[in-house]
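Everything on this sheet refers to the single structure shown next.
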Amino acid sequence: MIGFTSLKRFLLATATLGFAAHAAAASTLTLDVYNPGDKAIFPVTSVLVSGEKEAILVDAQFGKSQAEQVVEKIRASGKQLTTIYISHGDPDYYFGLDTLTAAFPNAKVLASQPTVDHIKHTVDGKLAFWGPKMGADVPAKTIVPGVLKGDSLMLEGQKLQVVGLDGKQPDRTFVWIPSIKAVVGGVVVAENIHVWMADTQTAQSHTDWLATLHAIETLKPKTIVPGHYLGESARSLAAVQFTADYIKAFDEETPKAKDAATLIAAMKKRFPTLGEDSSLELSAKVAKGEMKWGE
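Taken in order, the sequence shown gives residues -20 to -1, 1 to 275; the numbers are from mature numbering (1 follows the signal peptide of the UniProt record, and there is no 0).
Here it is in structure tokens:
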């Protein structure tokens, strides 16, 4: 007959073994980052999240030649690509899907409902605007992702959580990978680059953006992969602080500037070493009412 103390020991041992078995079954995930830097129109990031045998790609690049580089990276990994997750609705995140789906036809292509809605609403206009500028890199066709059910993806027992769907900007989320304390995807974090401000044209949108950055900080991530960057990324909270500082500076300088040229000069004075002047120039024109830009 098993006594109470013995039973407790047995249950504890069983629970411990079960936990160990679960831990062994769940893979340690790794990140492989591709960013074309100044070789592309947009220095947008794609991240291959890999387990032992399978992988999920977060974001599909803008131009065909950059998407082809991502295809080669996936093939070199030797992993089975199960899913391509599009984390944001701007075209530099999904125009490369035709190249990637041709290479990996069995991979699911998913995005959140707000992202899918944004793509459907803007894709024709974005293709009309950017297509002539892309030359041979223009997609042969545009692909709209399927809708992600729920707010997470699973990769070999590990969760990739989409954060922000229940917030004030559900179309501007990021992906949190708790097992490795990493933030990837989305458009909310930038580094070493003039931050794209044209899509957020109100004070409230900037307040909400800053709140999202604060939410990232509270997670205490070990790794942050910015959605856009030039040069080498530190992959740290420094990118979050930089993005917040840039938003605040833009908001301070915009009402003081008489026109876009004055705003551009002021931002360059405050951030003299940043690249991607074209982002600042367009954002300034939109902010000062010299150019219309659909969000």
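Glycine included, every Cβ here is placed at the ideal spot set by N, Cα and C.
For residue i, the first and last residue of its enclosing beta strand (DSSP E)
{"i": "W156", "result": "F154 to I157"}
{"i": "A264", "result": "From DSSP, A264 is part of no beta strand (DSSP E) but of the alpha helix (DSSP H) over D257 to A267."}
{"i": "V142", "result": "Q138 to V143"}
{"i": "V38", "result": "E34 to V38"}
{"i": "Y134", "result": "Here the sequence assigns Met to residue 134, which means Tyr is not the residue at that position. Residues S132 to L135."}
{"i": "S7", "result": "Run containing S7: none; DSSP gives neither H nor E here."}
Cβ-based neighbour list, residue i, same chain, cut-off 6 Å, excluding 5 preceding and 5 following
{"i": "T10", "result": "S30"}
{"i": "F75", "result": "F42 and P119"}
{"i": "D117", "result": "G43, K44 and S45"}
{"i": "H68", "result": "G166 and V167"}
{"i": "G211", "result": "N172"}
{"i": "S26", "result": "Y14, D39, Q41 and V50"}
{"i": "F230", "result": "M177"}
{"i": "H174", "result": "L254, E256, S259 and L260"}
Neighbourhood of residue i by C-beta distance below 7 Å, restricted to the same chain and skipping five residues each side
{"i": "V96", "result": "V124, P125 and V127"}
{"i": "Q93", "result": "V127"}
{"i": "A(-1)", "result": "Here the model assigns A(-1) a pLDDT of 40, short of 50, so the residue's position is not dependable and the matter cannot be decided."}
{"i": "S132", "result": "K139, L140, Q141 and V142"}
{"i": "S263", "result": "W176, M177 and A178"}
{"i": "R215", "result": "T203, I204 and V205"}
Range covered by the alpha helix (DSSP H) that runs through residue i
{"i": "K106", "result": "Q93 to M114"}
{"i": "T10", "result": "Counting along the chain, T10 falls outside any alpha helix (DSSP H), though it belongs to the beta strand (DSSP E) covering T10 to Y14."}
{"i": "T187", "result": "A183 to L199"}
{"i": "Q49", "result": "K44 to S57"}
{"i": "L80", "result": "L77 to A83"}
{"i": "M247", "result": "A240 to R250"}
{"i": "L217", "result": "L217 to E233"}
{"i": "M71", "result": "In the sequence as displayed, the identity of residue 71 is Pro instead of Met. Start and end: P71 to Y74."}
C-alpha distance - residue i paired with residue j, whole-angstrom precision
{"i": "E136", "j": "K228", "result": "40 Å"}
{"i": "K88", "j": "A40", "result": "13 Å"}
{"i": "V163", "j": "A241", "result": "35 Å"}
{"i": "A47", "j": "G269", "result": "34 Å"}
{"i": "V155", "j": "I66", "result": "10 Å"}
{"i": "L140", "j": "L107", "result": "30 Å"}
{"i": "R250", "j": "E256", "result": "15 Å"}
{"i": "Q184", "j": "V103", "result": "25 Å"}
{"i": "D239", "j": "W176", "result": "18 Å"}
{"i": "residue 293", "j": "I244", "result": "Residue 293 lies beyond the residue range present for the chain, which begins at -20 and ends at 275; the question has no answer from this structure."}
{"i": "G130", "j": "L28", "result": "21 Å"}
{"i": "A91", "j": "E233", "result": "35 Å"}
{"i": "D72", "j": "F22", "result": "7 Å"}
{"i": "G58", "j": "D151", "result": "32 Å"}
{"i": "D188", "j": "K272", "result": "22 Å"}
{"i": "T(-5)", "j": "K200", "result": "Residue placement at T(-5) is flagged as unreliable, the pLDDT there being 42, under the threshold of 50; the coordinate-derived value follows with that caveat. T(-5) and K200: Cα-Cα distance of roughly 28 Å."}
{"i": "M247", "j": "L80", "result": "37 Å"}
{"i": "V16", "j": "H101", "result": "Looking at the sequence shown, residue 16 is not Val but Pro. Looking at the two C-alpha atoms, the distance is approximately 27 Å."}
{"i": "Y209", "j": "V24", "result": "7 Å"}
{"i": "D78", "j": "G115", "result": "16 Å"}
{"i": "A267", "j": "H98", "result": "21 Å"}
{"i": "K161", "j": "G207", "result": "17 Å"}
Contacting residues, own chain, Cβ-Cβ under 8 Å from residue i (five flanking each side not counted)
{"i": "E261", "result": "A240 and I244"}
{"i": "residue 282", "result": "Because the chain is modelled from -20 through 275, residue 282 falls outside the range shown and cannot be assessed."}
Heavy atom of the ligand ADP within 8 Å of residue i beta-carbon
{"i": "L190", "result": "Of the ligands one can find in the structure shown there are none, so the ligand ADP has no counterpart to examine."}
Next on the checklist: Does the stretch 56 to 69 come into contact with the stretch 33 to 45, if we say contact requires no fewer than three beta-carbon pairs (one atom in each stretch) closer than 8 Å?
Outcome noted: yes
Checklist entry - Taking contact to mean at least 3 C-beta pairs separated by less than 8 Å, is the stretch 215 to 233 in contact with the stretch 186 to 203? => result yes
Checklist entry - Given 8 Å as the limit, is there contact between the stretch 159 to 170 and the stretch 111 to 124, that is, 3 or more CB pairs closer than that? => result no
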